[in-house]
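Colleague: Take this structure first; my questions come after.
Residue numbers (the working numbering): 1175 to 1723.
Given below as structure tokens:
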């Protein structure tokens, strides 16, 4: 068994159950042409992995009621007890977990290796627990200081304000780790490049095979459930990652570079642009008949960006990395840190109830060039959520909201920030890296902060009239920004719309008292701030490169 093999679900006496998964946990997807895909019958599942034989939510897992999962390595014994009176979270009514996300470490935790930290529960639940703790200083011991540092770091990798919690608790939703179809489970998958015996390979295919064999990256197929197609991403090499890091470091404007703000707002649009450009540069293939990267970029919808960027991270680190979760044990009343591996292939959660049977069949088409523009348009039209919505901001003003493309999102941010920079540079003769200039730019951003979500606005209505052209919409929103009532209503409605139209996201899951020790289970999803997570991993990667002899 390879060292980093993520055990998915052990059976009786700790023996792994038979699995069709590869050593890195991804479903393996053979590279096929459109003609090969069209010739395949739904019942023929040899070329796409068959459905995992996982039990339904109302059935016990294989191995009986008490089939145990590996426990994580726990640290923190011997710390002072805390008076926890908040009960554990009740099982989720909208989430079914069928695959393990936190396989055990197979060697001791090493802070010099890649790692991430994340919460063990929802922010509200953590806050409720923290409110009950006695007034003691846990940082007086090294264990306590480590727990405190880890908990603070976890905040930065979680979405602001518990965003998407409304999505995953939506009435009637059913969130699972992928979607089952007649042709196999639809989830993140790793493309396999088979060669005939003694075949001489060359070019990119040879390089991709070598990198995959050495564990230096993979080609990951990413289902974009909002957009209605798949893209395949190849792992960037280290020179490309060094160049991305250089671009990030050289830009001196803070506006547009906030990684801890609300999702899909223009306060993070510059970072989104760099990461989107970087991802498109490493596009390997798509299920679309359209192959022009610039046009594919325009077809990707904004809610799919976290999934797209996570797919890129999976291509770089397909075997996952170390993961630490600070939590307070409700039984022993101690601060602990759960240390485990993160199974990166099992963090895509999809609301299965949001998809029609036709949409599932459409997304099951994973071969190259199998999806036409017409089929993608039909896929999008079949959604009952995420369609344009009219919202009233005041007695006189209303807006129609829509789901923007990733290209619209990036362009809106560039226009907003570019206008502010031009105003400041026209009024001030200061160098580009001057702190006063940067502060003025941030201040102008606050004065027009409704522009953060202008790309979500399709039309502005006032009286019997309406505004649909983009430049006038942007100017009108600048004028509306000072009004507190309209501004607050606007932010509330846009963020609610984002939650309501989300059907797929990246996240880990909550920790129950004993992890339930079996699958399936019904945890609460903890959505991830994927952009901040990616840049956190990038910084670690740069440090590793710089420390080489």
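All residues carry an ideal CB built from backbone N, CA and C; glycine is no exception.
Could you tell me if residue 1295 is buried or exposed, where buried requires 16 or more neighbouring beta carbons within 10 angstroms of its beta carbon?
Modeller: Burial call: buried.
Colleague: Compute the distance between the beta-carbons of residue 1460 and residue 1403, then report whether it is under 8 Å.
Modeller: yes
Colleague: Quick check: the Cα distance between residue 1520 and residue 1271, rounded to an integer number of angstroms?
Modeller: Cα to Cα, the separation comes out at about 10 Å.
Colleague: For residue 1526 and residue 1357, what's the separation of their Cα atoms in angstroms?
Modeller: 16 Å
Colleague: Put residue 1537 into one of helix, strand or coil per three-state DSSP.
Modeller: In this structure, residue 1537 counts as helix in the three-state DSSP scheme.
Colleague: For residue 1201, does the three-state DSSP call read helix, strand or coil?
Modeller: strand
Colleague: Which whole-angstrom value is the C-beta distance of residue 1449 and residue 1396, which I expect to be below 8 Å?
Modeller: No, residue 1449 and residue 1396 are not in contact; Cβ-Cβ is about 14 Å, not under 8 Å.
Colleague: Is it right to say residue 1566 is buried, meaning 16 or more other beta carbons lie within 10 angstroms of its own, or is it exposed?
Modeller: exposed
Colleague: Using beta carbons (cut-off 8 Å, strictly below), is residue 1721 in contact with chain D?
Modeller: Here there is only one protein chain, and chain D is not present.
Colleague: Considering Cα atoms alone, identify which of 1498, 1701, 1554, 1695 is closest to residue 1320.
Modeller: 1498
Colleague: Would you say residue 1400 and residue 1475 are within 8 Å of each other, going by their C-beta atoms?
Modeller: yes
Colleague: In the structure shown, what three-state DSSP assignment does residue 1709 receive?
Modeller: helix
Colleague: To the nearest angstrom, how far is the alpha carbon of residue 1634 from that of residue 1596?
Modeller: 26 Å
Colleague: With residue 1683 and residue 1698 assumed to form a contact (beta carbons below 8 Å), what rounded beta-carbon distance in angstroms separates them?
Modeller: Between the beta-carbon of residue 1683 and that of residue 1698 there is about 7 Å, and that keeps the pair under the 8 Å contact cut.
Colleague: Over what stretch of residues does the alpha helix (DSSP H) that includes residue 1299 continue unbroken?
Modeller: In the DSSP annotation of this structure, the continuous segment of the alpha helix (DSSP H) that includes residue 1299 starts and ends at 1297 to 1305.
Colleague: So residue 1490 and residue 1410 are in contact, right, with Cβ under 8 Å, and what is the actual spacing, rounded?
Modeller: 7 Å
Colleague: Look up residue 1545 in the DSSP assignment and say whether it is helix, strand or coil.
Modeller: strand
Colleague: Is it buried or exposed, residue 1346, if we count other Cβ atoms within 10 angstroms and call 16 or more buried?
Modeller: exposed
Colleague: According to the Cβ coordinates, are residue 1456 and residue 1416 closer than 8 Å?
Modeller: no
Colleague: Span of the alpha helix (DSSP H) holding residue 1523?
Modeller: Careful: residue 1523 lies outside any alpha helix (DSSP H), inside the beta strand (DSSP E) at 1522 to 1525.
Colleague: Of the choices 1307, 1508, 1679, 1672, whose alpha-carbon is the least far from that of residue 1269?
Modeller: 1679
Colleague: Would you say the stretch 1568 to 1580 touches the stretch 1536 to 1548, given that touching needs at least three Cβ pairs under 8 Å?
Modeller: no
Colleague: Taking the alpha carbon of residue 1652 as the point to measure from, which residue in 1492, 1706, 1546, 1590 has its own alpha carbon closest?
Modeller: 1590
Colleague: For residue 1289, which beta-bridge partners are listed by DSSP?
Modeller: 1496
Colleague: Between 1583, 1462, 1261, which lies nearest to residue 1629 when the distance is taken from Cα to Cα?
Modeller: 1583
Colleague: Let me know if residue 1703 comes out buried or exposed under the rule of 16 or more other beta-carbons within 10 Å of its beta-carbon.
Modeller: Answer is buried; the Cβ neighbour count reaches 16.
Colleague: Just how far apart, CA to CA, sit residue 1439 and residue 1336?
Modeller: 15 Å
Colleague: Assuming residue 1671 and residue 1624 make a contact with CB atoms under 8 Å, what is their CB distance in whole Å?
Modeller: With 8 Å as the limit, residue 1671 and residue 1624 do not qualify as a contact, their Cβ atoms being about 15 Å apart.
Colleague: Residues in its own chain within less than 6 Å of residue 1530 by CB, not counting five upstream and five downstream?
Modeller: 1556
Colleague: To the nearest angstrom, how far is the alpha carbon of residue 1418 from that of residue 1289?
Modeller: 20 Å
Colleague: Just verifying my parser: in three-state terms, what is the DSSP assignment at residue 1323?
Modeller: Residue state, collapsed to three classes: helix.
Colleague: What residue does the beta strand (DSSP E) around residue 1459 start on, and which one ends it?
Modeller: 1457 to 1460
Colleague: Do residue 1303 and residue 1502 have their beta-carbon atoms positioned less than 8 Å apart in this structure?
Modeller: yes
Colleague: Do residue 1293 and residue 1328 come within 8 Å of each other at the CB atom, strictly closer than that value?
Modeller: yes
Colleague: When DSSP labels each residue in this structure, what does residue 1275 get in the three-state scheme?
Modeller: coil
Colleague: Compare the Cα-Cα distances from residue 1515 to each of 1562, 1287, 1277, 1199 and report the closest residue.
Modeller: 1277
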